[in-house]
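First comes the structure, then the notes that go with it.
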Ligand SMILES: [Fe+2]
Ligand SMILES: [Fe+2]
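Numbering (my numbering), first residue to last: 1 to 328.
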């Protein structure tokens with residue numbers, strides 16, 4: 001897919017005003033064109049689907065992931081390159097895929113393989129693309145962090161990471177295939193996920209959740225992640241699932257999404273003192289529809305700066321790597 005990008009360089013969660021008040025809606029028929037665009041998307045490499053289906057609780061997880069990475073020379077080379085990145089700074093150069101997986105960690109490699117594959121399909125070439133990517137990575141890192149803090153380990157942190165990474169995959173499709181639509185939506189200056197959805201419906205007659213659902217089917221993404229893509233803006237859904245793990249996963253990704261939107265809107269919030277940051281998180285990153293927030297804002301407050309920093313490092317490692325010469 002091409003990546004011409006007429007969008008402004010505004011953050012996907014940047015502050016904005018007056019959703020839909022001054023920009024006229026237009027024919028909603030565009031959804032059909034976009035849906036056709038989804039059909040034209042390259043397929044997700046088979047290796048990624050197999051990685052998504054690995055069980056991180058299995059004793060064989062490391063060996064299984066290693067075997068998969070070794071099967072695909074393109075991923076093997078990229079993982080070795082990432083393991084040798086300046087931020088990793090190994091004492092001795094990493095030269096084998098086994099060393100790379102040990103160095104990076106098997107579970108991190110699963111996220112990296114997925115992110116690498118998606119970044120080949122939605123190549124980040126502009127500041128705007130990078131902002132959307134940073135939002136995806138922040139949400140992934142935040143979801144994993146929150147999952148690790150859950151009492152009783154209801155959901156796997158690696159699963160939360162992947163769900164966070166892919167939750168806005170529909171926005172990537174719009175970015176790539178309907179840049180004008182995306183620009184019109186962003187010109188409404190939305191400042192919360194709900195306002196973003198309202199603007200998409202008002203102006204386009206469809207939203208990125210619908211597109212994301214189609215992408216998940218196109219790529220045969222596992223059910224739990226597809227559910228997150230479909231329901232990540234439905235704040236009643238976690239409660240509707242009762243105590244089922246999918247409800248917990250959904251709430252975790254929703255909280256991570258709200259946190260990332262807030263961080264991108266107000267980057268300096270990560271440096272607030274604990275009391276002010278807790279108040280900010282209570283206001284912007286928790287929802288009344290939830291029976292209970294996945295983690296208390298006062299607990300999450302301690303992890304906000306590390307989440308920001310880890311996602312930024314990940315963005316540098318992932319998005320600054322030389323683009324692959326093939327494999328799309
Ligand atoms: Fe979204
Ligand atoms: Fe999002």
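Glycine included, every Cβ here is placed at the ideal spot set by N, Cα and C.
Would you kindly report the start and end of the unbroken alpha helix (DSSP H) that includes residue i?
i	result
residue 212	208–219
residue 198	193–204
residue 298	297–300
residue 287	Residue 287 -> no alpha helix (DSSP H), and no H or E assigned at all.
residue 119	106–121
residue 55	Here residue 55 belongs to no alpha helix (DSSP H), and DSSP marks it neither H nor E.
residue 157	157–166
residue 77	73–83
residue 318	304–319
Use the C-beta contact count for residue i: other C-beta atoms within 10 angstroms, 16 or more gives buried, fewer gives exposed.
i	result
residue 223	exposed
residue 43	exposed
residue 21	The predicted model places residue 21 with a pLDDT of 40, which falls under 50 and marks its position as unreliable; any figure quoted below should be read in that light. With fewer than 16 other Cβ atoms within 10 Å, it is exposed.
residue 248	buried
residue 57	exposed
residue 217	exposed
residue 283	exposed
residue 4	Its pLDDT being 32, under 50, residue 4 is placed unreliably in this model, and the value from its coordinates should be taken loosely. Classification for residue 4: exposed.
residue 164	buried
residue 278	buried
residue 151	exposed
residue 186	buried
residue 155	buried
residue 328	Model confidence at residue 328 stands at a pLDDT of 32, short of 50, so the residue's coordinates are unreliable; what they give is reported in the following sentence. So residue 328 counts as exposed.
residue 275	exposed
residue 315	buried
residue 145	buried
residue 226	buried
residue 194	exposed
residue 220	exposed
residue 29	For residue 29, the pLDDT reaches just 42, beneath the cut-off of 50, and the residue's location in the model is therefore unreliable, although a value from the coordinates is still provided. Counting Cβ neighbours within 10 Å, residue 29 comes out exposed, since fewer than 16 surround it.
residue 309	exposed
residue 25	Caution applies to residue 25, whose pLDDT of 49 falls short of 50 and renders its modelled position unreliable; the value that the coordinates give is listed next. Under this definition residue 25 is an exposed residue.
residue 127	exposed
residue 86	exposed
residue 157	buried
residue 124	buried
residue 59	exposed
residue 188	buried
Contact defined as beta carbons within less than 8 Å: I believe residue i pairs with residue j. What is the distance between those atoms, to the nearest angstrom?
i	j	result
residue 54	residue 66	Incorrect: roughly 11 Å between the Cβ atoms, too far for contact.
residue 131	residue 168	The pair is not a contact, with the Cβ atoms about 12 Å apart (cut-off 8 Å).
residue 197	residue 233	6 Å
residue 113	residue 75	6 Å
residue 250	residue 231	6 Å
residue 106	residue 61	6 Å
residue 214	residue 35	6 Å
residue 299	residue 174	Between residue 174 and residue 299 the Cβ distance is about 34 Å, and since that is not below 8 Å, they are no contact.
residue 285	residue 297	7 Å
residue 97	residue 84	Actually they do not touch by this definition, with Cβ atoms about 12 Å apart.
residue 200	residue 236	Rounded, the Cβ-Cβ distance is 19 Å, inconsistent with contact.
residue 134	residue 311	7 Å
residue 52	residue 137	17 Å between Cβ atoms; not a contact.
residue 160	residue 253	7 Å
Establish whether the CB of residue i and some CB of chain C are separated by less than 9 Å.
i	result
residue 145	Annotation note: the requested chain C is absent from the structure, which comprises a single protein chain.
Please go through the stretch 219–280 and give each complete alpha helix (DSSP H) segment of 4 or more residues, from N-terminal end onward.
-> 223–231, 237–240 and 245–265
At a cut of 8 Å, does the stretch 267–277 reach the stretch 301–318 through at least three beta carbon pairs?
-> yes
Do the stretch 75–92 and the stretch 256–268 make contact, defined as three or more Cβ pairs closer than 8 Å?
-> no
Give a yes or no on contact between the stretch 66–76 and the stretch 237–247, applying the rule of three or more CB pairs nearer than 8 Å.
-> no
Given 8 Å as the limit, is there contact between the stretch 37–52 and the stretch 135–145, that is, 3 or more CB pairs closer than that?
-> no
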